[in-house]
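Chain order of the listed sequences is S and E.
What the first sequence shows, in my numbering, is residues 34 to 399, in sequence order.
What the second sequence shows, in my numbering, is residues 19 to 489, in sequence order.
Every residue gets a Cβ at the ideal spot worked out from N, C-alpha and C, and that includes glycine.
First up is the structure itself, then whatever we jot down about it.
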Amino acid sequence: MLLSKESLHTVAACRFCTMCRHLCPLGLALGKELNNPRAKALLMEMVQKRSLDEAETAADMFECCLCGACSANCETGYEPPVFIREARGQLIGDGLAPENVTRALDGLLEHGTLYGMTGEDALAQHGRFEKKDAPVLLYVGGLAAVKAWPMVQAFMSLLGKAGIEFDVFAENVSTGSAEYDFLGDLKDVRDIAAACADKLNAYEKAETVIVLNPSDARMMRQQFSDWGIGLRADVRTATAFAAELVADGKLVPEKQTRTVTLHDPARLARDLQETEPARTVLVAMGYTVKEMWQSKKLTRCTGGEVLASYAPEIIRKTAAARMEDAAGTGAQALVCVCPACEADLSVCTDGIPVEDLFVLLDRQCA
Amino acid sequence: MNDYMLRQICFELEDAVGRENLSLRLSDKISHSVDNFWLPRMYADRGLVPPLPDIVVYPGSTEEVSKVLVIANYYKVPVYPWGGGAGSQGGALPLKGGILLDTKRMNRVLDFDEESMMVTAQTGIIYSQLEYYANERGYSLMHYPSSINCSTLGGFLAHNGIGVLSTKYGKIDDQCINVNLVIPNGKVLHSAPVPKHSSGPDLKHMFLGSEGTLGVMTEATMKLYRKPECRRFRAFLFPDVASGFKAGRDMLQVIRPSVIRLYDEEETKTQIKKVLGFAKPGAFMNVAIEGMTDMVDVEEKHMLEICRSYGAEDLGSDYGEKWWDSRLTFYFPDKALDFPLMFGTMDTIVRYRDIDKVYWAMKKATEAFEGVRFIAHFSHWYEWGCTMYDRFIMEDPPQDPDEAFRLHNRIWNAGVRAAISCGGVVNDHHGVGTKLGRLMKEQYGDSMIVFESLKKALDPNGIMNPYKMGV
């Protein structure tokens with residue numbers, strides 16, 4: 034396995050280090066030694082030294098949600114997801130990935146979503162969206178179109194109530210976010226990202242793209258620019274945009290007395306460093322927010338869309354663990370702002386109700 | 019283990035813990051073959067594969083552990099309890115094949131008794147997760163070792179660990195109220211519900227520090243503390259390390275600091291440069307006092323008087339606060355000791371009368387090896403003595419694994435023998451493991467019969483964590 038210099042440097046640093054063990058959502062929920070970055074780095078080290086065949090590591094490299102909890106805690110700045118993502122691409126390229134992974138990836142590459150249909154078809158199930166050449170463009174994404182339509186509906190309703198003229202990105206093609214988690218930095222993935230950017234740029238009047246899924250927002254804001262892929266419009270997350278509408282008085286929610294806890298999506302809190310907008314909206318709605326210990330930058334990921342596509346049995350455990358954190362706060366509900374987190378948490382049978390921020394806000398705005 | 023037996027034992031273990039909680043994956047075995055001990059790390063570094071278990075199991079409860087041990091005992095297969103794999107003594111390494119029992123699925127808090135200020139948890143919980151749980155409810159366990167994020171409750175109990183605030187809050191054995199122990203016949207033993215009594219010797223002290231050689235601890239009750247109203251630091255530069263010892267000893271007669279860290283002249287050079295920006299000879303000490311503010315005011319006054327009486331220069335509070343905030347940084351990659359160095363922490367503990375003697379004896383013994391540097395600081399203080407946290411570091415050890423293995427063990431033998439000969443012990447708070455097992459008899463002599471008899475009585479087939487602790 035030929036790893037990049039950066040990956041090799043990370044492997045050498047992490048191979049004997051267990052300082053992030055307490056934050057790995059898979060490690061905590063499954064209790065397996067292999068789920069921690071140290072074990073994965075040790076395996077990669079042994080592969081590099083030819084004391085282990087790379088095929089033996091295939092399943093392990095995909096038992097990770099790439100949420101970056103390990104990196105967030107690393108006081109010397111190492112990022113295990115760098116080598117894990119790179120190893121995945123190589124394992125897939127060498128035909129060594131587990132069958133469940135290959136099956137999910139094949140579906141993704143065929144449809145652009147993990148749900149057996151294109152993003153465009155998924156969106157079309159909910160209606161036709163005529164292009165209005167509006168200044169705001171809403172990027173729904175395949176996941177929200179398939180799994181979290183009430184969230185999309187509520188957000189569109191809020192835009193309407195705030196008097197925002199918007200288009201829905203009807204092509205709804207992939208940003209390449211899921212493909213990047215499967216394959217890493219490959220030309221094919223960059224091509225997918227570039228194709229998405231081209232289609233978004235075709236909305237010439239759009240000044241702002243609002244993105245519902247934080248993974249897609251991260252892709253557009255960070256990965257696109259790292260790869261030199263230009264977007265004409267400014268990319269905003271749905272939470273930040275909604276918070277701005279509330280702050281500007283364009284949305285005035287009726288206040289209700291409730292105690293809730295908020296689950297920060299890893300991509301939003303860590304990669305995009307957005308933790309306050311959702312909280313300001315909840316406070317504006319009259320809610321008291323009781324924090325889970327692992328919140329904000331140290332949030333505990335529920336697993337995410339990619340891992341869910343090939344390892345639902347792991348998601349059941351990571352989501353249940355997060356639900357336990359939430360229920361432990363004594364809050365009345367667990368509020369989510371991400372379609373992937375909502376989908377993961379929907380498998381929980383115990384605990385407190387999972388509610389969507391935009392659905393709640395829409396309900397409380399006249 | 020032959021293929022037929024492997025299948026047979028796996029079938030029974032699957033029945034005990036569920037199929038998904040048993041693994042034969044090579045990667046799973048490898049991930050349990052290297053802990054924080056230098057030798058298995060050296061193996062991996064040199065492209066060798068350390069000893070592997072045959073089977074890895076992840077029981078989720080005391081009952082499941084009991085079933086696993088009964089099966090292992092019947093087939094006379096070794097069992098190695100594994101927590102966070104952060105031990106530095108090779109205490110969890112599967113040296114003889116067999117069953118690796120990873121405890122991390124047992125990660126639940128079972129009882130939170132605010133009235134008695136106690137929390138009961140399964141021993142596979144990562145310690146910082148247990149600390150978070152207490153913090154959320156306004157309390158702390160006050161056990162802050164550098165491995166708090168990596169190690170499990172059981173790991174600390176099994177090796178009798180210690181945290182940086184131990185001078186006030188005690189070692190893990192002072193903080194543990196009670197504990198259970200599952201032994202190879204499947205029975206679950208319990209220490210007394212409370213730690214102070216006259217109902218015979220406290221069983222807890224026979225289980226703690228036994229390093230998995232008697233059985234598996236699966237549940238423990240720990241003390242809770244209210245968080246201190248304030249924690250205040252102060253740094254000093256003493257004319258020499260001997261006056262620092264005297265000041266520390268005297269402080270413990272009148273006040274109870276949470277932290278006292280005294281550095282030898284060698285380590286002082288580095289520490290003092292951080293504080294003053296230039297080197298100055300002497301012995302550096304960092305002290306913390308905590309509790310209610312008015313009490314801390316009084317303690318601080320006595321601390322200053324005592325330190326002044328031994329000629330210490332007051333260096334203020336900045337250093338201590340920075341040290342507290344970054345106390346874990348030194349254990350992350352690029353900051354922690356790592357390859358290509360050969361290194362080891364030879365912590366020992368000794369009474370005040372002998373500490374100078376032990377220090378010089380260990381320094382001389384280890385530095386007799388060409389290229390070895392010996393540094394030390396003194397932490398974890400008691401009324402009668404303190405811990406010497408000393409390290410040997412070799413910049414350019416042999417690349418050949420056989421040579422490196424032998425040299426590593428020779429340095430350890432020399433250092434620990436020097437400690438024992440001057441009134442020290444094999445180890446203070448990292449445990450014995452496979453690293454130092456051979457030296458236990460040199461410390462205890464005929465008294466080893468107590469450990470050996472206990473082992474024989476509780477584990478007659480010798481399946482529990484073989485080749486550890488010298489039993």
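Helix, strand or coil at residue i according to DSSP, with G and I counted as helix
i                : result
Ala230 (chain S) : helix
Gly122 (chain S) : helix
Lys241 (chain E) : strand
His182 (chain E) : This sequence places Val at residue 182 (chain E); His is not what is there. If DSSP states are grouped into helix, strand and coil, Val182 (chain E) belongs with coil.
Asp352 (chain E) : coil
Asp129 (chain E) : strand
Asp408 (chain E) : strand
Met189 (chain S) : helix
Tyr236 (chain S) : coil
His208 (chain E) : strand
Ile290 (chain E) : helix
Asp332 (chain E) : strand
Gln26 (chain E)  : helix
Asp446 (chain E) : coil
Glu96 (chain S)  : coil
Cα-Cα separation between residue i and residue j, rounded to whole angstroms
i                : j                : result
Ala239 (chain S) : Glu153 (chain S) : 19 Å
Arg349 (chain S) : Thr294 (chain S) : 20 Å
Ala273 (chain S) : Pro310 (chain S) : 5 Å
Ala383 (chain E) : Ile347 (chain S) : 52 Å
Val489 (chain E) : His426 (chain E) : 22 Å
Asn203 (chain E) : Met325 (chain S) : 41 Å
Ala359 (chain S) : Asp131 (chain E) : 21 Å
Glu357 (chain S) : Thr138 (chain E) : 18 Å
Ile201 (chain E) : Ser342 (chain S) : 42 Å
Tyr150 (chain E) : Ala176 (chain E) : 22 Å
Glu460 (chain E) : Met466 (chain E) : 9 Å
Ser210 (chain S) : Gly337 (chain S) : 12 Å
Met77 (chain S)  : Ile117 (chain E) : 24 Å
Pro358 (chain E) : Tyr61 (chain E)  : 12 Å
Glu163 (chain S) : Asp200 (chain S) : 8 Å
Met52 (chain S)  : Gln158 (chain S) : 47 Å
Glu214 (chain E) : Asp220 (chain E) : Sequence inspection shows Lys at residue 214 (chain E); the Glu mentioned does not correspond to that position. Taking the straight line joining both Cα atoms gives about 8 Å.
Extent of the continuous beta strand (DSSP E) run through residue i
i                : result
Cys47 (chain S)  : Counting along the chain, Cys47 (chain S) falls outside any beta strand (DSSP E), though it belongs to the alpha helix (DSSP H) covering Lys38 to Cys47.
Asp200 (chain S) : Phe199 to Val201
Phe256 (chain E) : Cys248 to Phe256
His279 (chain E) : For the sequence presented, residue 279 (chain E) should be read as Arg rather than His. First-last of the beta strand (DSSP E) with Arg279 (chain E): Val277 to Tyr281.
Thr294 (chain S) : Arg291 to Leu295
Asp267 (chain S) : Asp267 to Thr270
Asp389 (chain S) : Val387 to Asp389
DSSP beta-bridge partners of residue i
i                : result
Pro286 (chain S) : S:Cys398
Met313 (chain E) : None, per the DSSP bridge assignment.
Ser471 (chain E) : For Ser471 (chain E), which the question treats as bridged, DSSP gives no partner whatsoever.
Trp100 (chain E) : E:Asp120
Phe302 (chain E) : E:Leu255
Gly403 (chain E) : E:Arg369
Tyr172 (chain S) : S:Val244
Limits of the unbroken alpha helix (DSSP H) element including residue i
i                : result
Arg136 (chain S) : Glu132 to His144
Asp53 (chain E)  : Neither: Asp53 (chain E) is in no alpha helix (DSSP H) and is coded neither H nor E.
Ser104 (chain S) : Ala102 to Asn106
Ser397 (chain E) : No alpha helix (DSSP H) holds Ser397 (chain E); the beta strand (DSSP E) holding it covers Val390 to Trp399.
Tyr370 (chain E) : Tyr370 to Glu385
Gly362 (chain E) : No alpha helix (DSSP H) holds Gly362 (chain E); the beta strand (DSSP E) holding it covers Met360 to Thr363.
Gln256 (chain S) : Element bounds for Gln256 (chain S): n/a, residue is neither H nor E.
Ala376 (chain S) : Pro372 to Leu378
message = Does the contact criterion of 3 or more C-beta pairs under 8 Å hold for the region 127-139 of chain E versus the region 87-97 of chain S?
response = Inter-segment contact for the region 127-139 of chain E and the region 87-97 of chain S is absent: fewer than three beta-carbon pairs are separated by less than 8 Å.
ask   = Between the region 69-78 of chain S and the region 108-120 of chain S, are three or more C-beta pairs nearer than 8 Å?
value = Enough Cβ pairs lie closer than 8 Å, so yes.
ask   = Any contact of the region 288-306 of chain E with the region 335-348 of chain E, i.e. 3+ C-beta pairs under 8 Å?
value = For the pair of segments examined, the region 288-306 of chain E was found to touch the region 335-348 of chain E: the number of CB pairs separated by less than 8 Å reaches three.
ask   = Within the chosen definition, does the region 427-443 of chain E reach the region 365-380 of chain E through at least 3 CB pairs nearer than 8 Å?
value = A contact exists between the region 427-443 of chain E and the region 365-380 of chain E.
query = Touch check for the region 256-270 of chain E and the region 222-240 of chain E: three-plus C-beta pairs under 8 Å?
reply = Flag = no, the region 256-270 of chain E and the region 222-240 of chain E do not touch.
ask   = Does the count of Cβ pairs from the region 412-427 of chain E and the region 396-403 of chain E closer than 8 Å reach three?
value = No, the region 412-427 of chain E is not in contact with the region 396-403 of chain E.
request  = Kindly confirm or deny that the region 179-196 of chain S and the region 386-393 of chain S touch, where touching means at least three C-beta pairs closer than 8 Å.
outcome  = With a cut-off of 8 Å, the region 386-393 of chain S and the region 179-196 of chain S count as touching, because enough Cβ pairs lie within range.
task = Mind the definition here: the region 45-58 of chain E touches the region 98-112 of chain E only if three or more C-beta pairs lie below 8 Å; say whether that holds.
result = Proximity of the region 45-58 of chain E to the region 98-112 of chain E meets the contact definition, three or more beta-carbon pairs being nearer than 8 Å.
inquiry  = Would the region 317-324 of chain E count as touching the region 264-279 of chain E if we require 3 or more Cβ pairs under 8 Å?
reply    = With the cut-off at 8 Å, the region 317-324 of chain E and the region 264-279 of chain E touch.
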